[in-house]
Structure formats: structure tokens, C-alpha cells
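So the structure is just underneath, and the comments pick up after that.
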Amino acid sequence: MPDKDIQIADSKGKLGVLIPGLGAVSTTFIAGVFAVLKGAAQPIGSLTQMGTIRLGKRTDKRSPLIKDFVPLADINDIVFGGWDIFEENCYESAVTSGVLKKELLDQVKDELTAIKPMKAVFDKNYVKKLDGPNVKTGDTKYDLAMQLIEEIKDFKQNNGLDRLVMVWCGSTEIFLQQTETHTTIEKFEEGLKNNSPDIAPSMIYAYAALKLGIPYANGAPNLTIDVPALVDLAKQNNVPVVGKDFKTGQTLMKTILAPGLKARLLGLSGWFSTNILGNRDGEVLDDPESFKTKEESKLSVLEYILQPEMYPELYGNIYHKVRINYYPPRGDNKEGWDNLDIFGWLGYPMQIKIDFLCRDSILAAPIVLDLVLFLDLAARSGMKGIQEWLSFYFKSPMCAPELYPEHDLFIQLKKLKNTLRHIMGEEPITHLGLEYYD
Ligand SMILES: NC(=O)c1ccc[n+]([C@@H]2O[C@H](COP(=O)([O-])OP(=O)(O)OC[C@H]3O[C@@H](n4cnc5c(N)ncnc54)[C@H](O)[C@@H]3O)[C@@H](O)[C@H]2O)c1
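My numbering numbers the first residue of the sequence shown as -8 and each following residue consecutively.
This is the structure:
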């Protein structure tokens, strides 16, 4: 049933967007928002800016733009800030990243140059391939968290902000698993004070955000907020959180194709994915420990979509392999190859080949914008803890501990739109449609 009682706080006022990691994805996102505001380009790929939503029956012909239906913050009201281990401002970083053309960047040069990274919370042990000079110092991880908290409060005050959202666009950290330190807020805080190795820098940013009531999205596959201590802190402070790992490129294609194969009960015996990319993300992922974090995130997708335990004859014996190869000449312009060995009627084999010449940050930037606006909406609507309805944007969607994650892109989209209908007091759409034939 739609909820007529949800009160949504006003979207007026300035919205601060805080980003740990001012690299390729974040500068492509920020430059894009400024370019859109100047009318120099279109926000292609963004559901909040270009998507529509059907309301009521098909015969009602009510399909407003999502941004006209739900009270989202206006992108004119966004103020950007962030941290990086390098001192380059956003213009310089965007040029280094090499995603956007100079002609476009020059149109937003002043705005980008004005965004200078704050000193990062960074520890090379968690990203082995990187090191940089723009880093905070402190005796304990708790000290670093307190420094971030003070910095964020100053940023809010100095920019006259009403609300904030934080989106992690920093590098992929080494693979971490949940330990005792992550089980409760108290143990986590003890860990911060004792410099526990179980607490990665991304968790320190998340902790600072959650303490201040700031919604947090995790664009990388890092464990970060996907632990009970931080989910509990989010619930305690009424903060929505979401993650992990933006769904772009090869995994996006996987979650488009796999549901189609399953819908038609076509079998799958193998799926081999490999790609070449030459940006800094590719360099970081060249380290086996960071790659392990990414690999876990990419591999889980097929299993959940295809449900081998329910269809053992079709999906019980899949060979699934994912490779990422750092290859500098390509920069951010990744090339991804997929080979699918499938089988049909009477077990006859077939193959599908995909060669996707994609641009990673071009696919990721609209996701960042949508997450900022939807998380801000969620916070204003009183939603807290894990926001499963935003799974649409992630390779490893977070969900309640007793659930398995939903990976099918089309189910994710229905869930997202039904959540918007729900919070606006509209009927969810089931697509049953029998009423048209009564
Ligand atoms: N581009 C995509 O399609 C895509 C998809 C899914 C996930 N991601 C993830 O998004 C993240 C960003 O990707 P990118 O292509 O922009 O990478 P990038 O290397 O260009 O940018 C990451 C930036 O984070 C900075 N950084 C690292 N650790 C930091 C810390 N502790 N604090 C502050 N800054 C820190 C680095 O110096 C770098 O400038 C990566 O984790 C990547 O795996 C990207």
C-alpha cells in the first residue's frame, strides 16, 4: 500500500556533496554537473534528470519526469567538496584523468579550479599502489575521524549548507573481511582508538559522516559500511546508507543479459570476462589485494541472478572468470570482452561474444548524481539504514542480513520506481494489467 503519511522535508537550501577521492569518476561527475548547468551538455544516463515514471493505469497517461514527481534537490543548489592524497585541484585532476575533452573542461575551468582537495585520511597499507603528499596526520584513527568531523562542520558553515551527502569515489582498498571490531559501535570506536588494522581509511570517512548524520554511498567494492557497527550507527542517527561498487561496464552488461537468458531458460556453462584499462583505477587494481576486493564484487552477480540451486540443469556448473588488465595506452577508455557459452533446446551449445568499448567514468558519473539526489531525498523522507531500493546502481548491493541481494537490473528498477511511488503516496505498479481486459 502507498504510504500517505510520509512527510518529506523541504528540498530548498544548499546541498553539500562531499567526495573522498577526486579522481576520474568524481571530476567527470562534477564537471558534468557544471556543464549541464551551463547548457553545454545533457545529463545522459541520469534517471533523476531524464527519467520518467508512470503513475496509475496505462490509460491514465500520467508519466511525469521523476524530478517533477519527487521533490529532489535542484542541481543548482549543489556545492562540491572533497579529499584526495594529491594536491591537484579538480580541473588539474580532470585533465590528468583524461576522460573529458579539453574544450568541455575549459568551459567549466573556473568552477573546477576552485575545488581543492582537503588533506586525505590515507594509509598505503590499504592501497598498495598509491602514495601522495596531501595526507592528514594523527596519533590514532580516532584522531583522524575527529579531524574529519571538524573539517566537515567548517565546510558546512563556510558554504552556508543546509544538508550534506558523502559519496566514496576513492580507490579500491585491499580485501577486508568482517571481524569482531566491526560487530558493534562500541567495538568499532575502540578499534579507532587502538588503531585496529581492521579499520580502513574509507571506514573512518564513513564513521565521520554517520556521526554527523550525513548519508553515505560507497562507490567502491570496499567493505566500509557493510558491517553491523556502521549500519547500526546509521540507524541510530537516522542516516540512509548504500553501496557497494558502482554498476558500470561489464557488470552492467552482465545484469542486463543474465536475466534475459534466465527468463528464456537458456543454460549457461561458462562466462569469461576480461578487459583492458589504463586509468589510475586500473593501476590500483593491478595489485592483487585490491583486485581481490573487486573480483569478489564482480563474481557474485551471476550466482544470485541465475539461482543455480533452483536450476541445477541450467546453471549448476558454470565456469565464471573475471580478469582486469592494466594497460596504460587506453586510459579511461576501457575495452571489455565477454565470451558466453550457452546452451539451448536438447543441450545444443551456442556462443555470445561481446566487445564493449566503454568509458568507465562516463558510465559512473550519472550514477553519482542520482545517488546524491536520491540519498538526500531518502534522508528528508526519514529513511534510515540500508537503502535496498538503490541496488540498481551497485555491483554488490547491500541488503538486510537475512536476505540475498537482488542483482537483476529490471527488478532493481521496478523496486526503485515503486519506492518513489510509495513515498509519494501513489499505488505501486505490479504490471498485472488484468483490469484492461475485464
Ligand atoms: N569508473 C567506474 O566505472 C567505476 C565503477 C565501479 C567502481 N568504481 C570505483 O570508483 C572508485 C574511483 O574510480 P576512479 O576511476 O575515479 O579512480 P581514480 O584512481 O581516478 O580516483 C580515485 C582517487 O581516490 C584517491 N584516493 C585514494 N585513497 C584515498 C583516500 N583514502 N582518501 C582520499 N582520496 C583517496 C586517489 O588519489 C584518486 O585520485 C574506485 O574505487 C573504482 O574502483 C569505478
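We treat Cβ as the ideally placed atom computed from N, Cα and C, and that holds for glycine.
Quick caveat: nothing in here was measured; it's all calculated off a predicted structure.
Q40 counts as buried, since at least 16 other C-beta atoms from the protein chains shown sit within 10 angstroms of its C-beta. Residue side-chain check: N116 keeps its Cβ at 7 Å or more from all non-hydrogen atoms of ligand 1. Sequence-distant partners of L404 (beyond 5 residues in either direction) whose C-beta falls short of 8 Å from its own C-beta, in its chain, are F383. Here C390 carries a coil assignment [DSSP, helix/strand/coil]. By the Cβ test, the region 97 to 105 is not in contact with the region 35 to 51, since fewer than three Cβ pairs between them sit closer than 8 Å. Taking 7 Å as the cut-off, one finds at least one heavy atom of ligand 1 near enough to the beta carbon of C160. Cβ neighbours of D361 within its own chain (closer than 6 Å, five residues either side excluded): S37, L38 and T39. In summary, H398 is buried, with 16 or more beta-carbon neighbours lying within 10 Å of its beta-carbon over all protein chains present. Excluding five sequence positions before and after P320, the CB atoms of its chain that fall closer than 7 Å to its own CB belong to G269, given in chain order. Looking only at T246, D236, V8 and R45, the smallest Cα-Cα distance to T284 is reached by D236.
Fully enclosed beta strand (DSSP E) runs of no fewer than 3 residues occupy 207 to 209 and 231 to 233 of the region 181 to 257, in order along the chain.
At a cut-off of 7 Å, the beta-carbon of F77 counts as near ligand 1: some heavy atom of the ligand is closer than that. About 5 Å separates the beta carbons of G204 and V230, which is inside the 8 Å limit, making them a contact pair. Taking the CA atoms as reference points, K132 sits about 48 Å from D332.
Segment contact: the region 260 to 277 against the region 303 to 317, three or more CB-CB distances shorter than 8 Å; contact assigned. At least one heavy atom of ligand 1 falls within 7 Å of the beta-carbon of D236. Of the residues assessed, S88 falls on the buried side of the cut-off, its CB having 16 or more other CB atoms within 10 angstroms. Beta-bridge analysis with DSSP links P357 to no other residue. Secondary structure at E418: coil, using DSSP grouped into helix, strand and coil. A distance below 6 Å between beta-carbons, with the five flanking residues on each side excluded, links Y82 to the following residues of its chain, in chain order: K100, L103 and T104. Checking the DSSP bridge columns, you'll see Y317 partnered with L268. A contact between stretches requires three or more CB pairs, one per stretch, nearer than 8 Å, and the region 202 to 216 fails this requirement with the region 334 to 348.
In the displayed model, L91 falls within coil according to three-state DSSP, outside both helix and strand. In this model, D68 and K5 are separated by some 5 Å (Cα to Cα).
The C-alpha of Q378 lies about 32 Å from the C-alpha of I345.
Apart from sequence neighbours up to five positions away, the residues of its chain that approach D278 with a beta-carbon distance below 7 Å are K119 and K120, ordered along the chain. At least 8 Å separates the beta-carbon of N409 from that of I402. One thing to note: G7 has its Cβ within 8 Å of the Cβ of L152. Not one heavy atom of ligand 1 is found less than 7 Å from the C-beta of G322. Taking all protein chains in view, the Cβ of I247 is surrounded by fewer than 16 other Cβ atoms within 10 Å, so the residue is classified as exposed. Assignment of D346 by DSSP, reduced to helix, strand and coil, places it in the strand class.
Non-local C-beta neighbours of G424 in its own chain, meaning closer than 8 Å and more than five positions away in sequence, comprise R49, ordered along the chain. With contacts defined as CB atoms closer than 8 Å, I309 and S372 fail to qualify as a contacting pair. Secondary structure at D65: coil, using DSSP grouped into helix, strand and coil. Counted as a single uninterrupted DSSP element, the alpha helix (DSSP H) harbouring F146 occupies residues K132 to N149. Counted as a single uninterrupted DSSP element, the beta strand (DSSP E) harbouring G327 occupies residues N324 to F334.
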